[in-house]
Amino acid sequence: MKSSDQLAEFLESEGISKESQFYRYTLPEYLRVDADGKYFVSANPEATEMIEDIYGNGHSMMAKFLGQGLAFTTEVEEEFKNDDHILISVKMENILDQEGLIYPDVSSYTDSKAYFITIPKGEIEVQKIED
């Protein structure tokens, strides 16, 4: 089965659509604003999350071996909120547009579902929710 088929099957099983939003708090230095006022967040090339390799053998592995990306949750996790961080969200559609993949983050301790999202272009468009 090709990873695109596996991705479609995984998204359906998780109830994720193109319009689904994912959230994270980030430091301002990881955000860039372009000339049109759009926000972009930089990917982490050395991500430390543990993921389930749903496109391979199903084993857990460190996310950094998949390439650059970031972890996001399906709901806003207030426990990560602090004065230095900004709440952002990303749409699944933006992830698909750059052929990113989504993996279950098995190292997360949040109440909502957490995913590691690969960001092949090194940054991805996000919405700034709050400062």
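Residue numbers (the working numbering): 9 to 139. Cβ coordinates follow ideal geometry from the N, Cα and C atoms, glycine included.
- Taking E101 as the centre and dropping the five residues before and after it, the same chain places the C-beta of K26, E27 closer than 8 Å to its C-beta, in chain order.
- Residue state for P128 is assigned as coil, using DSSP reduced to three classes.
- Spatial neighbours of I127 in its own chain (CB-CB distance under 6 Å, excluding positions within 5 residues in sequence) are listed in chain order as A51, Q76, G77, G108.
- Using a Cβ distance threshold of 9 Å, Y111 and A71 count as a contacting pair.
- The Cβ atoms of V114 and F48 lie no closer than 9 Å to each other.
- By the Cβ-count criterion, L35 is exposed, with fewer than 16 other Cβ atoms from all chains shown falling within 10 Å of its own Cβ.
- Proximity to M58 across S12, F124, E138 peaks at F124, based on C-alpha coordinates.
- Distances from the CA of A55 to each of D42, G45, F80, S97 were compared; the closest alpha carbon is that of F80.
- With distances taken between CA atoms, Q29 lies nearest to L95 out of E131, L95, Y117.
- For S12, the enclosing alpha helix (DSSP H) covers residues 11-22.
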